[in-house]
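Q:
Protein chains: 2
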Amino acid sequence: MYEEILDVAEELFMKQGYSDTSTRQIAKILGITQPNIYYHFKNKETIYYQVMRRLSNEVGKNLTELSAKATSFEEKILAMAFYLQQRHPFSLFMMMHDIQHTLNSETAEKMFTLWSDSYKKPFLDVFANEKQIRISVDSEFAVRQLFILISAYLDSPEERRKENLKQSVQLFFYGVLN
Amino acid sequence: MYEEILDVAEELFMKQGYSDTSTRQIAKILGITQPNIYYHFKNKETIYYQVMRRLSNEVGKNLTELSAKATSFEEKILAMAFYLQQRHPFSLFMMMHDIQHTLNSETAEKMFTLWSDSYKKPFLDVFANEKQIRISVDSEFAVRQLFILISAYLDSPEERRKENLKQSVQLFFYGVLN
DNA sequence: GTCTATACCCAGATAGAC
DNA sequence: GTCTATCTGGGTATAGAC
C-alpha cells in the first residue's frame, strides 16, 4: 500500500499542488479510508517529501543517462528538456511555491537539496563541457534560466507542447536579437 | 469599504495565491467581520476578479507610458520589466494556475482577456517596432518567453532581484551560444 | 493493516437582528 | 452597512475496535 499511496499522491500533487490535494482524495482513489494513510505515513508533509525523493532519484538517473547518449550540446539539452516535460506534467513553480510557503522550513531545505542534486547538476555538467558558450554567460545562471523556461512548458495543456518547448529552448540558445 | 477590501485582498492574493487567502483573513486585517464582505461582494471569486481588473488597468497604463519614454528597444523592455517586478511582487505562474484550476471557466476567460490587453499588448507593440530582431523569431512567442522570465523574478526574495532580472533579460536578448 | 467514529479546525456563504 | 449566529462542507489527524 505504501508505494500505491505514493503513486497516487505523486499524480495529484503534480496536477493540483500541495494544498489543493487532500488525504481524503488520495484515499478515495485507492478505495481505502482516509485514516488508513496515517498508518503508513506520519503526516501529509512526509508523503510529499517521499514522493519528491522517489521522483528525484528517477529523474536524476535518467537525465544523466540521456546526456551521455546525445552528441552535440543542443541535442543533449533538448533531449533532457523533452524528458522532463514528459515525465513531469506539472509546474515546477507551483512546486517551488509550495515548498517555500506551505512546508516547514526543515522539509523545504531537504527538498531544495534533492532538486539541486537530481535536476540541476546533470544540466550543469553538460554546460561545463561546452566550448561554444558566450564568455559573458554564467553557467549557473544559464541553467537556472533554462529551468524557468522548461518549467513553463510542463503543465501546458495544448497539443503543441513539444514543439513549443523546442522553440523556447532554441530562443534560449540564440536569443532574439541579431 | 469596497476599495479597502480590494486593497487588502490584492496584497494577500499576491503573496499567497487564491486558495490560501481566506475571506476571514481579509476581514480580520480590516477589523470587520467576515460576513460583512458579502455585503460588498457576491463571492470570493468576484473579489479576485475585481482585484485583477483594477490592477490590470493600472499596469496597462504604466507599461504603455514607460515604453514611450525610453529610446532603444533594450531600454524599453528593461524599464517595463523592472516596473512589473516592482509593482507585482508575486508569481504570475501562481496566478495562472489559480485562474486555470480554481476559478470557474467563465471568470478564467475574462481574466485571460485582461492579461492580453494590459500586460501582453504593450510588449507586443514594442516588438513590432524593432528592426533588429532575428527573422526566425516570432514576436508573439518571444513576448511570451519574456513574460515567463520576468515572472520568475517577481517573487524572488533576495536582495539581488533587480540585477538578476536584468541579467535574465540580457540572456533573452543575446542567447547563450556564439 | 484496515476499519469506524470522532475531535478539531477552518473554509465559503446565508439569514436575520440592529 | 455592519453585526451575531449558524449552516454546510472540507480539511488533518487521533483513538480504539476488529
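First to last, the sequence lines map onto chains Z and S. If you use this note's numbering, the first sequence corresponds to residues -19 to 158, in order. If you use this note's numbering, the second sequence corresponds to residues -19 to 158, in order. Ideal Cβ placement from N, Cα and C applies to all residues, glycine included. Since this is a predicted model, take the numbers as computed values, not measurements.
In the structure shown, what three-state DSSP assignment does ILE12/Z receive?
A: Reduced to three states, the DSSP call for ILE12/Z is coil.
Q: The alpha helix (DSSP H) with PRO102/Z in it runs from where to where?
A: Note, PRO102/Z: alpha helix (DSSP H), 101 to 108.
Q: Taking all protein chains shown into account, decide if MET(-19)/S is buried (16 or more other Cβ within 10 angstroms of its Cβ) or exposed.
A: Per the 10 Å Cβ criterion, exposed.
Q: Give the straight-line distance between the Cα atoms of ALA88/S and TYR(-2)/S, rounded to the nearest whole angstrom.
A: Their Cα atoms are separated by approximately 13 Å.
Q: Check this for me: beta carbons of PHE(-7)/Z and VAL31/Z, under 9 Å apart or not?
A: A contact, by the Cβ cut-off of 9 Å.
Q: Pop quiz: LEU157/S and GLN112/Z are said to be a contact at Cβ under 8 Å. What is the actual Cβ separation, rounded to whole angstroms?
A: Contact holds; Cβ gap of about 5 Å.
Q: Note down, in chain order, each residue of its chain lying with its Cβ closer than 6 Å to the Cβ of VAL106/Z, except the 5 sequence neighbours on either side.
A: Counting only Cβ-Cβ distances below 6 Å, and skipping sequence neighbours, we find SER47 and LYS56.
Q: Quick one: residues in its chain with C-beta nearer than 7 Å to the C-beta of ARG141/Z, no 5 flanking neighbours on either side, listed in chain order?
A: Answer for ARG141/Z: GLN65 and TYR133, listed in chain order.
Q: Since ILE130/S contacts ALA59/S with CB under 8 Å, what's their CB separation in whole angstroms?
A: Not a contact, Cβ separation roughly 12 Å.
Q: Inspect the beta-carbon positions of HIS81/Z and ASP118/S and report whether they are closer than 9 Å.
A: The answer is no: Cβ separation not under 9 Å.
Q: Per DSSP, what kind of secondary structure is ILE113/S in: helix, strand or coil?
A: DSSP places ILE113/S in strand when its eight states are reduced to three.
Q: Strictly below 7 Å CB to CB, what residues from chain Z border GLN147/S?
A: PHE121, listed in chain order.
Q: By the criterion of Cβ-Cβ separation under 8 Å, what are the contact partners of ASN158/S in chain Z?
A: Neighbours of ASN158/S on chain Z, chain order: GLN112, ILE113 and ARG114.
Q: For LEU157/Z, which residues does DSSP report across the bridge?
A: ILE113/S.
Q: Between GLY155/S and PHE153/Z, how many whole angstroms is the CB-CB distance? I'm expecting something under 8 Å.
A: About 5 Å separates the two Cβ atoms, so the contact holds.
Q: Buried or exposed for PHE92/S, please, with buried defined as at least 16 other CB atoms from any protein chain shown within 10 angstroms of its CB.
A: Looking at its Cβ environment, which holds fewer than 16 other Cβ atoms inside 10 Å, PHE92/S is exposed.
Q: When you compare each of VAL39/Z, ASN84/Z and SER71/Z to LYS100/Z by their alpha carbons, which one comes out closest?
A: Among VAL39/Z, ASN84/Z and SER71/Z, the Cα nearest to that of LYS100/Z belongs to VAL39/Z.
Q: Could you check the C-alpha separation between GLN(-4)/Z and TYR29/Z for me, to the nearest Å?
A: Taking the straight line joining both Cα atoms gives about 16 Å.
Q: Tell me the DSSP secondary structure of MET76/Z in three-state form.
A: Residue state, collapsed to three classes: helix.
Q: ALA108/S: buried (16+ other C-beta within 10 angstroms of its C-beta) or exposed?
A: So ALA108/S ends up on the exposed side.
Q: Quick one, which of THR26/Z, GLU(-10)/Z and PHE70/Z has its alpha-carbon nearest LYS90/Z's?
A: The shortest Cα separation from LYS90/Z among THR26/Z, GLU(-10)/Z and PHE70/Z belongs to THR26/Z.
Q: For GLN14/Z, I'd like the list of residues in its chain whose CB is within less than 6 Å of its CB, leaving aside the five on either flank, ordered along the chain.
A: So the list reads THR3, ARG4 and ALA7, once near-sequence residues are dropped.
Q: Does any residue of chain Z have a CB that is nearer than 9 Å to the CB of VAL117/S?
A: So yes, VAL117/S belongs to the interface.
Q: Report the rounded CA-to-CA distance for LEU83/S versus TYR63/Z, giving the unit in angstroms.
A: Rounded to the nearest angstrom, the two C-alpha atoms are 30 Å apart.
Q: Answer with yes or no whether the minimum CB distance from GLN5/S to chain Z is below 9 Å.
A: It does not: the Cβ of GLN5/S has no partner Cβ on chain Z nearer than 9 Å.
Q: Expressed to the nearest angstrom, what Euclidean distance is found between the alpha-carbon atoms of THR51/S and PRO137/S?
A: Going by the C-alpha atoms only, they are around 30 Å apart.
Q: Figure out for me which residue from GLU143/Z, SER96/Z and ILE12/Z has the closest Cα to the Cα of ASN37/Z.
A: Minimum Cα distance to ASN37/Z is reached at SER96/Z.
Q: Can you name, in chain order, every residue of its own chain whose Cβ lies under 6 Å from the Cβ of THR21/Z, other than the five neighbours on each side?
A: For the record, residue 21/Z in the displayed sequence is Phe; it is not Thr. Here the set comprises ILE27.
Q: For the stretch 48 to 74 of chain S, which residues have a beta carbon sitting closer than 7 Å to at least one beta carbon of chain Z?
A: Residues SER71, PHE73 and MET74.
Q: Starting from PHE(-7)/S, trace the alpha helix (DSSP H) both ways and give me its first and last residue.
A: -18 to -4 is the extent of the alpha helix (DSSP H) around PHE(-7)/S.
Q: Beta-carbon of ILE128/Z versus every beta-carbon of chain S: anything under 9 Å?
A: Judged by the 9 Å Cβ criterion, ILE128/Z is in contact with chain S.
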